[in-house]
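Below: one structure, written as structure tokens.
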Amino acid sequence: MSTPPKLLPKTVLPFAPLRHDERLHYLNLLYKQYRLANNQFHNNKDSNNALIVKSVNKEYSISKECKSKMEYLHVVKKIMFNLKKYGLEEINSHTKESSSTLSNNNINNTNNNGTIPNASNAVTENFNSNELPKTVELLSKEGNKTDDFTNIYNELKDLCVPFHRLKRHNYVMDIPSDSKNDHKFQDTINCAHCGTIFRLCDIKNIVNCTFHPGKRITTTYENLNKGKKIYGTDYASKFYSCCNEPIGQSNGCSKLNHHVYKFDNPLDLHKSKPFVKINQLRKKLDIKEDSKANQLRKEKIKAIALDCEMCYTDKGFEMMKLSVIDFKTEKKLIDSIIHPDGELIIDLNSHVSGVDSIPKDALTFDEVMIKLAYLTDENTIIVGHGLENDLNVLRLIYPKIVDSAILFSENQVNVRRKDPLKKLAWTYLSENIQGKEHDSLEDALVPTRIVKKHIEKILKRKQMNRLSQR
């Protein structure tokens, strides 16, 4: 007589993305979903033992393939969703297209790696008197509802974060000034990865930089010892999201040959690469405000959403990818990899950004600035999540900003405490994002949809108030 299989996770070497108790929890959930699908759908007719074996093997394969807890949870939840809705672990693209209403079909997926040779002919290359080009293509069936968007845009203007509040959240709103003109960069700085103090002039020297690229995660155990707490016992489990190692157990799971650094002081940032206000940049490029192309752009583009991905070079923390979408139509305006100014690219943050290399034909920083100058002005509303870092690497100052991290975080007492975009996406849109690497295009689109949903509620409330007053 054969021994019945047990519902226990298999050992994963060298390490699993989650602790054993966490894997057991999700294995049980997976098994329950297999049983429900087995009873609900006719194409599933497996015995209980077969379902146990299937659940254990599936969880084991997920644990082997996934490198982080975030990726593991994304895959498990996706399988459970497919089992609940279709009775299958994976569904084909035709089924997805016919059932999903939250797809990103609004985004134009054409490449946008073209360059602008100089500012003088940028208008003729980017704008036509009759229509906008592919990089700024905004005409769509839904986008023609001018009256509806006027109401949305008026509410969007009211959501702009006040100047003093932006400054409190570390936004650079004025050009940093050195009154005494004696500012000097510090000789030594802490490595942003391992914390080692090193000299800036030695950044190209070969070293052994060992660190954990993931975040510190703290999990609190509850209901231990029948709910009784014992003095001197730590009920919190602290570990790194990258390798699931307990904090303090090792120096790191990743290695680099160079230290990296990041300036936080606005004056240091300004001296390394100067800040500029968007109206000053447009004036410098001699953009004609009364030109027909500019007037057409003002009518079509009143608000944009943007997100940047950053990397570490010998010149610090630099932008390497920029995604910009139109707030009204959610169409892609810019989605390009940017070549950093630094000669030595140390860390592309591929585990977060998803960028593995910088192509030779990538846009330069100056070319991106020209694109943004012709695309926006001081009246354009910039939408995004935690935009202070993005605007710092762009060295651009915009007066009108709608930041979902400031407006929609639950904890408004602590200035530093902001909810991640992943949490807001689940709370407001019921979407599970950032399963693996971050997608800058997605990170620009999600705040747009969160803000739109919030504005829809405001407009509905105002409409109900008007009806009640009649």
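Numbered per the UniProt record's numbering, the sequence shown spans residues 1 to 470.
All residues carry an ideal CB built from backbone N, CA and C; glycine is no exception.
Quick caveat: nothing in here was measured; it's all calculated off a predicted structure.
For residue i, three-class secondary structure by DSSP
{"i": "Ala37", "result": "helix"}
{"i": "Ser63", "result": "helix"}
{"i": "His20", "result": "helix"}
{"i": "Thr313", "result": "strand"}
{"i": "Glu367", "result": "helix"}
{"i": "Thr329", "result": "coil"}
{"i": "Thr448", "result": "helix"}
{"i": "residue 479", "result": "The requested residue 479 does not occur in the structure, where the chain is confined to residues 1 to 470."}
{"i": "Pro266", "result": "helix"}
{"i": "residue 519", "result": "There is no way to answer for residue 519, as the model of the chain reaches only from 1 to 470."}
{"i": "Leu306", "result": "strand"}
{"i": "residue 489", "result": "Any answer about residue 489 is impossible in this case: the structure gives the chain only from 1 up to 470."}
{"i": "Thr150", "result": "helix"}
{"i": "Leu281", "result": "helix"}
{"i": "Tyr261", "result": "coil"}
{"i": "Lys58", "result": "helix"}
{"i": "Thr218", "result": "strand"}
{"i": "Ile455", "result": "helix"}
{"i": "Thr110", "result": "Summary for Thr110: the model assigns pLDDT 40, below 50, so the residue's position carries little reliability; its value from the coordinates is reported in the next sentence. Looking at Thr110 - three-state DSSP - the assignment turns out to be coil, as it is neither helix nor strand."}
{"i": "Val383", "result": "strand"}
{"i": "Leu256", "result": "strand"}
{"i": "Tyr374", "result": "helix"}
{"i": "Asn205", "result": "coil"}
Beta-carbon proximity list for residue i, same chain, < 7 Å, skipping 5 on both sides
{"i": "Asp326", "result": "Leu138, Ile301, Ile304, Leu333"}
{"i": "Tyr31", "result": "Leu7, Leu51, Ile52, Ser55"}
{"i": "Asn432", "result": "His74, Lys77, Trp426"}
Beta-carbon proximity list for residue i, same chain, < 6 Å, skipping 5 on both sides
{"i": "Lys277", "result": "Ile397"}
{"i": "Pro176", "result": "Pro266, Leu267, His270"}
{"i": "Asn190", "result": "Ile197"}
{"i": "Asp390", "result": "Cys308"}
Short Cβ contact (8 Å threshold) for residue i with residue j
{"i": "Leu424", "j": "Ser440", "result": "no"}
{"i": "Ile406", "j": "His259", "result": "no"}
{"i": "Leu348", "j": "Met369", "result": "no"}
{"i": "Val207", "j": "Cys308", "result": "no"}
{"i": "His385", "j": "Pro447", "result": "yes"}
{"i": "Glu367", "j": "Asn279", "result": "no"}
{"i": "His344", "j": "Lys255", "result": "It should be noted that the sequence gives Leu, not His, for residue 344. Cβ atoms of Leu344 and Lys255: not closer than 8 Å."}
{"i": "Pro14", "j": "Tyr60", "result": "no"}
{"i": "Glu155", "j": "Ile455", "result": "yes"}
{"i": "Leu306", "j": "Ile382", "result": "yes"}
{"i": "Gly316", "j": "Lys360", "result": "no"}
{"i": "Gln33", "j": "Gly87", "result": "no"}
{"i": "Ser409", "j": "Lys422", "result": "no"}
Euclidean distance between Cα positions of residue i and residue j
{"i": "Thr196", "j": "Lys273", "result": "25 Å"}
{"i": "Val172", "j": "Glu318", "result": "16 Å"}
{"i": "Asp158", "j": "Lys400", "result": "10 Å"}
{"i": "Pro420", "j": "Asn244", "result": "20 Å"}
{"i": "Leu363", "j": "Asp264", "result": "26 Å"}
{"i": "Cys66", "j": "Pro17", "result": "7 Å"}
{"i": "Lys453", "j": "Tyr428", "result": "8 Å"}
{"i": "Leu387", "j": "Ser336", "result": "18 Å"}
{"i": "Ile346", "j": "Arg461", "result": "51 Å"}
{"i": "Ile217", "j": "Asp314", "result": "30 Å"}
{"i": "Ser63", "j": "Glu442", "result": "26 Å"}
{"i": "Lys328", "j": "Lys238", "result": "43 Å"}
{"i": "Lys167", "j": "Leu24", "result": "46 Å"}
{"i": "Asp148", "j": "Leu459", "result": "10 Å"}
Integer-rounded CB distance, given that residue j should sit under 8 Å from residue i
{"i": "Val76", "j": "Tyr26", "result": "5 Å"}
{"i": "Phe211", "j": "Gly252", "result": "4 Å"}
{"i": "Gly214", "j": "Ser430", "result": "The Cβ separation is near 26 Å, so there is no contact."}
{"i": "Ala70", "j": "Ser241", "result": "Rather than Ala, the amino acid found at residue 70 in this sequence is Met. Their Cβ separation, rounded to whole angstroms, is 7 Å, which keeps Met70 and Ser241 in contact under 8 Å."}
Any non-hydrogen atom of the ligand ZN closer than 7 Å to residue i Cβ
{"i": "Arg165", "result": "Summarising the ligand content, the structure contains no ligands, and the ligand ZN is consequently not present."}
Own chain residues within Cβ distance below 8 Å of residue i, not counting five before or after
{"i": "Pro5", "result": "Asn49, Ile52, Val53, Val56"}
{"i": "Leu83", "result": "Gln33, Tyr34, Leu36, Ala37, Glu89"}
{"i": "Cys194", "result": "Cys209, Thr210, Phe211, Asn251, Gly252, His259"}
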